Amino acid sequence: MLKLDRTHDFQIHLSPSQAYPAAVNPPSFNWPEHVASRRYRLELKHLSSGQQWRWEEVNSPMQLSFELPVGEYQWRLVAPEEEQPEQESDWIEFQIGENLPSYLAPMAEALFEQCDGHQQWLMYFDQDIEAIRSHCGDVYRKLKHTAALAVPRTEIHFPYHYRRGQEEGKREAIANVRKWIDRDLMTHVLLFRIWGEQQHGDEAMQRLLQLAQWSCEGPASLLRPCTWGDEVGCSLARNLFLAYHWLSPLLNENEKALFIRPMLVRIARQITQRLKQDDFKQHPGHSHTSRLPAYLGIAGLALYREHAREECEQWLNDALEIYRGVLPFYGGIDGSWVEGPFYASTYSKWFHPFFLSVERLSDFSFYEHPFYRNFLAFARDFIAPQQTSHPFGDGFWCRRDGKEWPGFFAQNPLRIYAGRFGEVADLQQSQELEDEIEDYRLHILDVVPTVKQIAFDTAAKEKRPGVEKRTDQKALNNYYAHAGLGKLTQKRLALYYRASAFGNSSHRHGDQGNVGFFDQGVGVLEPTGSFGYRFGSQHHRAWTRQTIAHNLPLIDGQGQILDDPSSVGRVLSSETEGDYHVVRLDLSASYASPLKRFWRSLLLLEDVGLFIVDAIELSSAKSVNWRLHSALNVEPNADHGGVLLRDPRQAIADYHCHLLNHRDVRCTLDHGYVQELNISGSSIESDASEDVVHLDWRLDDARAHEVVACCVSRGQVLPEVSFGVDQEDRSVARLKFEQRVISIPVWG
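Residue numbering for the sequence shown is 516 to 1263, as defined by our numbering.
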């Protein structure tokens, strides 16, 4: 039997399948491969018609040149063996529905043909410019303001954190190149390309020539082992091809052929080599490498007239294949992003120049994939809200106006998506985010819309004229299964939770079952921690990624399992009843022994607050530290062993936190962190606050622990708690209020 199990959570998923259904037509056939250089036979059956297909000597991804008829299908792989019987996989079932978008991407040669007859063809044709200018008065003003902030050329230098004693400069080098290249260079380039302003073109040309003096090795390399990081190389790869193309009228042949173009070819070849180093089509989960295919596609389009056409064609076809079927790996059909809002806000932007260029040159659009069509809903729930943090995953503490990673938490995550896929209210929210922007940061390449994007925006505005602005008062109960992230709202209250099948690794933490609780955007209970000075710092490793930093218990002093794809959480049920929501989670697989079973139930009650019911079963008697975290002021409450949370700005009411069935257990408080978030003397500041409080209730050794906790607004009468069995024979905790009883499942 040929096994197709994944062995790493960066690895490609088996698809199409029941677990990962076909999202487009034709689907990309993807499977984990475990033997180097093995090739396969793929057999496909259309069950309703009996039609069959067979392809020999193929590898993942295997992509068709035709659409499949609607219906039920089975496919399997056969691995021929020279000296042994063939190995066959199980048959894998999937469906092709009537409404799947057509997804036959053009090949490189067809796109090259569409470039012919144009002097400029990346994102904008020359004939588009007048219409774009008339649409972008506010963008022009902000680009001019951004250009005025540009760092003088005399201060730009090759990064030197490769030097002994300068290693800590890596973090500042990243910040610098994002200012010098992503912001400053591309701002000047756009002011020349769209508005034809010669002074900005001349300045951009001088900056491009200055950058072309840099070595593509060492700290500017994209190749592993990435001793000095690869972010400098990423900024070069992201921007220089577009800058070169748009500035080409100002460059002479010597500057092109002898100076800049050799650097660009070297960068493109490094991208190709990096994709091979990471075996990317099999392991597309590395967050840095996954940016590169879009840059490789732009490289092929930018250089095909000036460099070996066959190599440019390979670059472009590789990019087209990857986006047709391998990516978005962390993005699901439901529009959600596994690594959380911070990464979603920016990883939904890296590819825009490539997608928009392909769209301008052809009738095909990668945006027709369900992830891109549905991303707006996820962004609306998790990224766009103006609140004190955006749980979960790395970067939850960062802000769109923050100092730590300027622009990485996208200033406007709805740009591109609101006009294409939203209603008037989405455009209004997008415009509100745009209005807050005074100068552009990391993501400059989607601020000037293409003519097709302008048409989408115009059509969206005409869908329902006069629609009222969307408010946050509507009760919502949304769970995004791909990311494993859920959101409940009741009027001013919002509760976020995580229960993910992806496990706890990379930019995800040991926080299955974690919650974030907000009142009018103010965090009442939030995760804590940050990167510290950099990703992977002691603070990040020993605190932020660990369960101890999150709103979860420690069992026998230990948190959840890290870096293991089996460390998962599951949603057992989700119900809405009038003025409250109840969600039940199974966290049993996320902790190691002695945990046998862990179910968590969450109740969000309108105008009252949050109730958490935890049922923990152990193989032997052990203690539990039941923990919460808050950036509010915390005061011990003499009654019932709880605490009082106060907002120092008094924007929200005070909140009580208690363990309702352990009123004799006193809460202990710990403030701040052991490790500093910043390195003394560094210009890099963390957006994370050190003024946080960690709440801990220690429960004595037992084989079973049941906790009924509340975080409710002050003045609410605390309910009485009793345990029993409901009509469905489930174990429940009954919360008896003055006028009502609410039963929350415990077990069963």
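The C-beta atom is built at its ideal place from N, Cα and C for all residues, glycine as well.
Quantities reported herein were computed from a predicted structural model and do not represent experimental measurements.
With the rule of 3 Cβ pairs closer than 8 Å, the segment 814-821 counts as touching the segment 829-844.
By the neighbour-count definition (other C-beta atoms within 10 Å, threshold 16), His-672 is an exposed residue. Around the Cβ of His-523, a 10 Å sphere holds fewer than 16 other Cβ atoms; the residue is exposed. The residues Phe-924, Asp-1202, in chain order, have a CB closer than 7 Å to that of Arg-914 in the same chain once the five nearest residues on each side in sequence are set aside.
Assigned with DSSP and collapsed to three states, Phe-707 falls in helix. Leaving aside the five residues that flank Leu-1077 on each side, the residues in its chain whose CB is nearer than 6 Å to its CB run, in chain order, Asn-1019, Gly-1025. Here the alpha carbons of Arg-1049 and Arg-1060 stand approximately 13 Å from one another. Proximity to Ser-1258 across Leu-1119, His-1144, Val-1189 peaks at Leu-1119, based on C-alpha coordinates. The Cβ atoms of Leu-991 and Leu-1010 do not sit closer than 8 Å to each other. Separation of the CB atoms of Ala-752 and Leu-737 is rounded to 7 Å, and the pair is thereby assigned contact status at 8 Å. Beta-bridge partners assigned by DSSP to Met-577: Phe-544. With fewer than 16 other Cβ atoms inside 10 Å of its own Cβ, Glu-1200 counts as exposed.
In the pairwise beta carbon analysis, the segment 1176-1183 is classified as not touching the segment 1064-1080: fewer than three pairs are separated by under 8 Å. When the beta-carbon positions are compared, Val-966 and Ala-1130 stay at least 8 Å from each other. Beta-bridge annotation (DSSP): Phe-1113 is paired with Ile-1131. When only Cα atoms are considered, Trp-1212 and Thr-1091 end up about 30 Å apart. Closest by C-alpha distance to Pro-885, out of Leu-1125, Lys-796, Leu-615, is Leu-615.
Annotation for Val-1037: no alpha helix (DSSP H) segment contains it, though the beta strand (DSSP E) segment containing it runs 1037-1040. The residue among Trp-568, Ser-575, Glu-645 with its C-alpha nearest the C-alpha of Ser-543 is Ser-575.
For Tyr-1170, DSSP records a beta bridge to Leu-1160, Ser-1228. Rounded to whole angstroms, the separation of the alpha carbons of Ala-1057 and Phe-1046 is 10 Å. Under the three-state reduction of DSSP, Glu-977 is assigned to coil, being neither helix nor strand. In terms of Cα proximity to Ser-604, the closest of Leu-592, Ala-894, Gly-1124 is Leu-592.
Per DSSP, reduced to three states, the secondary structure at Asp-697 is helical. The beta carbons of Gly-850 and Phe-897 sit no closer together than 8 Å. Leu-942 has its alpha-carbon roughly 18 Å from the corresponding atom of Lys-864. For the 8 Å CB-CB criterion, Leu-517 and Ala-594 form a contact.
Around Arg-1007, the same chain offers Asp-1034, Gln-1035 as residues with beta carbons nearer than 7 Å, after the five sequence neighbours per side are excluded. In the same chain as Phe-627, and ignoring 5 residues on each side of it, the C-beta atoms closer than 7 Å to its own belong to Tyr-819, in chain order. Assignment of beta-bridge partners to Trp-1212 by DSSP yields Trp-1141, Cys-1182. When DSSP states are grouped into helix, strand and coil, Ser-1201 belongs to the coil group. DSSP places Trp-761 in the uninterrupted alpha helix (DSSP H) bounded by 746-762.
For Asp-653, the secondary structure class from DSSP, reduced to helix, strand or coil, is helix. The beta-carbon distance between Pro-547 and Gln-797, rounded to whole angstroms, is 7 Å. This is short enough to meet the 8 Å contact definition. Short of 7 Å from the beta carbon of Arg-824, and not among the five residues preceding or following it, lies no beta carbon of its own chain. Straight across, the Cα-Cα distance linking Phe-869 with Val-780 is about 18 Å.
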